[in-house]
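**Q**
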Ligand SMILES: Nc1ncnc2c1ncn2[C@@H]1O[C@H](COP(=O)(O)OP(=O)(O)OP(=O)(O)O)[C@@H](O)[C@H]1O
Ligand SMILES: [Mg+2]
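Numbering (the working numbering), first residue to last: 153 to 477.
Rendered as structure tokens:
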């Protein structure tokens with residue numbers, strides 16, 4: 153990820169400007185490319201890209217109100233990690249300062265961010281249970297992108313957490329002081345109904361429920377939303393959430409029906425952005441690179457991910473019609 157490069161065409165696509173605007177800015181900043189074969193294949197480092205995108209992406213000028221965003225579903229394999237990764241990396245490419253927190257003992261987000269499987273440094277477990285200062289668990293992944301990793305040791309968190317006071321609020325207490333340092337904090341959760349996941353929900357300014365668009369997805373979603381609302385009721389508060397349709401298969405009638413039913417039942421809670429099922433999203437995790445680092449400019453996956461990122465930024469910066477349930 154640190155070695156990823158971005159060309160001017162991609163910078164324009166990501167910031168929704170034009171290659172000409174990007175090119176003028178690059179010249180005015182006397183920015184040197186890392187390498188190029190011709191004018192159109194000049195490639196820039198992540199740090200240089202961030203200097204340009206920061207200037208071009210207008211949402212930077214507005215304060216981020218919803219900073220801590222979780223990617224949640226207690227069903228496995230809906231795309232929580234894939235979308236956490238794409239959203240976090242593209243926010244960093246757009247010039248935001250991003251912290252990712254891997255809250256899954258499977259450690260998939262850590263792995264896609266280049267952390268080796270046998271990593272034995274501090275994780276959230278050490279901070280939540282052993283009192284290690286949270287700053288000491290943060291790894292520098294790339295310019296603008298930090299990570300609190302996870303590994304199998306996080307499995308032990310459940311028993312230990314259940315012995316603590318205010319057991320669902322401990323993550324929030326740890327993360328709140330980091331709000332000053334980061335524009336966004338992205339939480340990737342694990343596919344269970346666990347105390348650790350309840351901590352993620354309580355810590356979140358907004359919960360992004362990642363939902364597949366398959367026949368049985370709606371039933372699972374109803375259960376998830378009602379469990380979540382009743383959990384927040386017990387805490388005398390209400391959740392701020394939205395639903396992100398993922399793995400949408402445009403050619404399948406059932407997927408269209410499910411999306412229609414989802415919008416009918418949850419109306420404005422469902423984002424406009426819909427992420428289609430594409431091989432590039434799969435490939436992206438395998439290559440451990442954000443989509444924009446390798447895809448073609450006309451890629452469907454890039455279009456969907458950028459729709460998602462821009463909608464998240466716009467709502468987080470207060471453009472939202474979204475309110476708590
Ligand atoms: N939009 C998509 N298009 C194609 N493949 C996708 C898409 N979203 C996710 N996948 C694939 O689906 C699989 C599960 O995705 P992912 O690991 O992100 O789900 P998850 O919800 O994090 O799973 P878990 O519950 O195990 O943590 C992966 O192989 C991933 O590449
Ligand atoms: Mg996952």
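Positions of the beta carbon are idealized from the N, C-alpha and C atoms, including for glycine.
Considering only residues of the same chain and omitting the five flanking positions on each side of residue 233, which have a CB-CB separation below 6 Å?
**A** Closer than 6 Å at the Cβ level, and outside the excluded window around residue 233, lie 260, 261 and 340.
**Q** Among the residues of its own chain, which have a CB less than 7 Å from the CB of residue 410, if the five just before and after it don't count?
**A** Excluding positions up to five away in sequence, the list reads 365, 366, 367, 369 and 370.
**Q** Using 9 Å as the threshold, is the C-beta distance between residue 221 and residue 305 below it?
**A** Not closer than 9 Å, so no.
**Q** Bridge partners for residue 197 per DSSP, in chain order?
**A** 157, per the DSSP bridge assignment.
**Q** Can you give me the start and stop residues for the alpha helix (DSSP H) that residue 173 sits inside?
**A** Where residue 173 is concerned, the enclosing alpha helix (DSSP H) stretches over 171 to 180.
**Q** Decide if the region 425 to 444 is in contact with the region 284 to 301; the criterion is three or more beta carbon pairs, one per stretch, under 8 Å apart.
**A** Judged by Cβ distances under 8 Å, the region 425 to 444 makes no contact with the region 284 to 301, as fewer than three pairs qualify.
**Q** How should residue 460 be labelled, buried or exposed, when 16 other C-beta atoms within 10 angstroms of its C-beta is the threshold for buried?
**A** The residue in question, residue 460, is buried, as its Cβ has 16 or more Cβ neighbours within 10 Å.
**Q** Could you compute how far the alpha carbon of residue 293 sits from the alpha carbon of residue 468?
**A** Between residue 293 and residue 468, the C-alpha separation is close to 24 Å.
**Q** Using DSSP with H/G/I as helix, E/B as strand and the rest coil, what is residue 188?
**A** Note: residue 188 maps to coil in three-state DSSP.
**Q** Could you give the distance in angstroms between the alpha-carbon of residue 308 and the alpha-carbon of residue 273?
**A** Using only the alpha carbons, I get a separation of about 15 Å.
**Q** What's the C-alpha gap between residue 172 and residue 164?
**A** Using only the alpha carbons, I get a separation of about 8 Å.
**Q** Taking only heavy atoms of ligand 1 into account, decide whether any of them is closer than 8 Å to the Cβ of residue 366.
**A** Result no, Cβ not under 8 Å from ligand 1.
**Q** For residue 210, count neighbouring C-beta atoms within 10 Å of its own C-beta (all shown protein chains included) and say buried if the count is 16 or more, exposed if not.
**A** Label assigned to residue 210: exposed.
**Q** With 16 as the cutoff for other CB atoms within 10 Å, does residue 399 come out buried or exposed?
**A** Buried.
**Q** Nearest-angstrom Cα distance between residue 204 and residue 195?
**A** One C-alpha to the other measures close to 13 Å.
**Q** Taking all protein chains shown into account, do 16 or more other C-beta atoms lie within 10 angstroms of the C-beta of residue 290, making it buried, or fewer, making it exposed?
**A** The residue in question, residue 290, is buried, as its Cβ has 16 or more Cβ neighbours within 10 Å.
**Q** Compute the Euclidean distance between the alpha carbons of residue 426 and residue 456, then round it to the nearest angstrom.
**A** Near 6 Å, if we compare the C-alpha coordinates of residue 456 and residue 426.
**Q** Evaluate residue 360 with the Cβ neighbour count: other Cβ atoms within 10 Å of its Cβ, from every protein chain shown; 16 or more gives buried, anything less gives exposed.
**A** With 16 or more Cβ atoms within 10 Å of its Cβ, residue 360 is classed as buried.
**Q** Give a single yes or no on whether residue 360 has its beta carbon closer than 8 Å to a heavy atom of ligand 2.
**A** Incorrect: residue 360 has no Cβ contact closer than 8 Å to ligand 2.
**Q** With a floor of 3 residues, list each beta strand (DSSP E) that falls wholly inside the region 249 to 326, ordered by position along the chain.
**A** DSSP runs (the beta strand (DSSP E)) wholly in the region 249 to 326: 250 to 254, 291 to 294 and 297 to 300.
**Q** Can you tell which of 328, 280, 266 and 454 has its C-alpha closest to the C-alpha of residue 315?
**A** Closest by alpha carbon: 280.
**Q** I'd like the list of long-range same chain contacts for residue 338, defined as Cβ closer than 6 Å, with 5 residues on each side in sequence excluded.
**A** Here the set comprises 221, 236, 240 and 252.
**Q** One question on the structure: do residue 347 and residue 320 come within less than 9 Å of each other, judged by their Cβ atoms?
**A** Against a cut-off of 9 Å, the Cβ pair of residue 320 and residue 347 comes out as a contact.
**Q** In whole angstroms, what is the alpha-carbon distance linking residue 475 and residue 327?
**A** For residue 475, the pLDDT reaches just 41, beneath the cut-off of 50, and the residue's location in the model is therefore unreliable, although a value from the coordinates is still provided. Computed Cα separation, rounded: 23 Å.
**Q** Would you say residue 343 touches ligand 1, meaning its beta carbon is less than 8 Å from a heavy atom?
**A** Yes, ligand 1 has a heavy atom inside 8 Å of this Cβ.
**Q** Counting along the chain, where does the alpha helix (DSSP H) carrying residue 339 start and finish?
**A** Element bounds for residue 339: not the alpha helix (DSSP H) but the beta strand (DSSP E), 336 to 340.
**Q** May I have the straight-line CA-CA distance separating residue 200 from residue 378, to the nearest angstrom?
**A** Roughly 45 Å between the two C-alpha positions.
**Q** For ligand 2, is there any heavy atom lying closer than 8 Å to the beta carbon of residue 256?
**A** Flag set: Cβ of residue 256 near ligand 2.
**Q** Using a threshold of 9 Å, state whether the C-beta atoms of residue 380 and residue 391 are closer than that.
**A** In contact: residue 380 and residue 391 (Cβ atoms closer than 9 Å).
**Q** Taking DSSP's pairing of strands, which residues face residue 398 in a bridge?
**A** The partner list for residue 398 (beta bridge, DSSP) reads 364.
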